[in-house]
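Structure first, then comments.
So, in structure tokens, the structure goes:
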């Protein structure tokens, strides 16, 4: 069994499934995907991801504000976040983090939001889902400052081994997406070979970043199978063992998730 540890079910392009989310999830289940973590990115979609987690037994969710969704003068309030996190199907915080690639001028605003999410993680013990791009030093500095007991995951990881090792030393997991299958991702494949087996997750980040051979098309949760098969081959592991290990890792990191079956 596989887990898609990071997907945006409220944003999927469902054209391939006649507009039906039910059909899209059924297609993923038929390919061995047994659980989905639907990720919150803003105050506006918090209700949507919670509703999806309530609707499907094999979906849990996170709530948070993506760094590129933080608005000047409207940063998320800690009271709001703590109230949202109190929902029984909200098993994680985020996605949050820093992204200076598109908005380097918003660094201070993003840092304030990231600190707030990390404070919520300290208070609730729920793991944090971290997005980082073009902000390596600041991301690690804030994670060190927070010293979270239950840590979290650096999702859709695209950085180098030095950053991966630093995050692992802080107790974080590393999640890899379809980017690892791209032709120009040699450096990321080097990272993928080195991450300890018990600290690795797989994801689609759908509807974004579809893996080879679907690159350029809308991504879907069913394609986490391609990511997992590629990584198992890359690491010289049997696919079944890899799937079992990454599912066990997900259950360990997100203990509140209602993952059925053995891992």
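Numbering (full-length UniProt numbering), first residue to last: 1 to 263. Where is the CB? At the ideal position from N, CA and C, for every residue including glycine. Please read all numbers here as calculations on a predicted model, not as lab measurements.
Check: Answer with buried or exposed for residue 178, where buried requires no fewer than 16 other C-beta atoms within 10 angstroms of its C-beta.; Outcome: buried
Check: So, with DSSP's three-state summary, where would you put residue 212?; Outcome: coil
Check: Which residues share a DSSP beta bridge with residue 36?; Outcome: 4 and 59
Check: So, under 8 Å CB-CB, residue 174 and residue 193 are touching, yes? Tell me the CB distance rounded to an integer number of Å.; Outcome: Actually they do not touch by this definition, with Cβ atoms about 12 Å apart.
Check: Out of 100, 145, 24 and 210, which has the shortest C-alpha to C-alpha gap to residue 133?; Outcome: 100
Check: Residue 42 and residue 79: beta carbons closer than 8 Å?; Outcome: no
Check: Between which two residues does the beta strand (DSSP E) carrying residue 131 extend?; Outcome: 128–133
Check: At what residues does the alpha helix (DSSP H) containing residue 22 begin and finish?; Outcome: 21–30
Check: Considering only C-alpha positions, which residue in the set 148, 181, 183 and 209 is nearest to residue 167?; Outcome: 148
Check: State the CB to CB distance for the pair residue 242 and residue 228, rounded to an integer number of angstroms; the pair is presumed to be in contact (CB under 8 Å).; Outcome: 6 Å
Check: Should residue 197 be labelled buried (16 or more other beta-carbon atoms within 10 Å of its own) or exposed?; Outcome: exposed
Check: Is DSSP giving residue 113 helix, strand or coil here?; Outcome: helix
Check: Who are residue 273's beta bridge partners in DSSP?; Outcome: Summary: the structure shown does not reach residue 273, with the chain confined to residues 1 through 263, and so no result is reported for it.
Check: Report, in whole angstroms, the separation of the C-beta atoms of residue 2 and residue 180, which I expect to be a contact under 8 Å.; Outcome: In fact, because the Cβ distance is near 15 Å, the residues do not count as touching under 8 Å.
Check: Sort 44, 47, 59 and 40 by Cα distance to residue 26 and report the nearest one.; Outcome: 59
Check: Identify, in the order they occur along the chain, each residue of the same chain with its Cβ nearer than 7 Å to the Cβ of residue 161, setting aside the five sequence neighbours on each side.; Outcome: 190, 191 and 194
Check: So, does the segment 46–56 touch the segment 82–96, judging by three or more C-beta pairs under 8 Å?; Outcome: yes
Check: With DSSP as the reference, identify every bridge partner of residue 97, one or two as the case may be.; Outcome: 131
Check: Please return the same chain residues whose Cβ sits closer than 8 Å to the Cβ of residue 207, not counting the five positions on each side in sequence.; Outcome: 8, 11, 12, 13, 218, 219 and 220
Check: Rounded to a whole number of angstroms, what is the C-alpha to C-alpha distance between residue 29 and residue 232?; Outcome: 19 Å
Check: Can you give me the Cβ contacts of residue 216 inside the same chain, cut-off strictly under 8 Å, excluding the 5 residues immediately before and after it?; Outcome: 210
Check: Nearest by alpha-carbon distance to residue 82: which of 130, 65 and 72 is it?; Outcome: 65
Check: What distance in whole Å lies between the Cβ atoms of residue 4 and residue 158, which are believed to be in contact at a cut-off of 8 Å?; Outcome: Wrong, their Cβ atoms sit about 18 Å apart, outside the cutoff.
Check: From the DSSP output, in three-state form, read off residue 263 for me.; Outcome: Residue placement at residue 263 is poorly supported in this model, since its pLDDT is 39, which falls under 50; the coordinates are not used for a value here.
Check: Is it true that the CB of residue 39 sits closer than 8 Å to the CB of residue 95?; Outcome: yes
Check: Whose CA, out of 37, 57, 130 and 128, lies closest to the CA of residue 6?; Outcome: 37
Check: Can residue 153 and residue 116 be called in contact, C-beta distance under 8 Å?; Outcome: no
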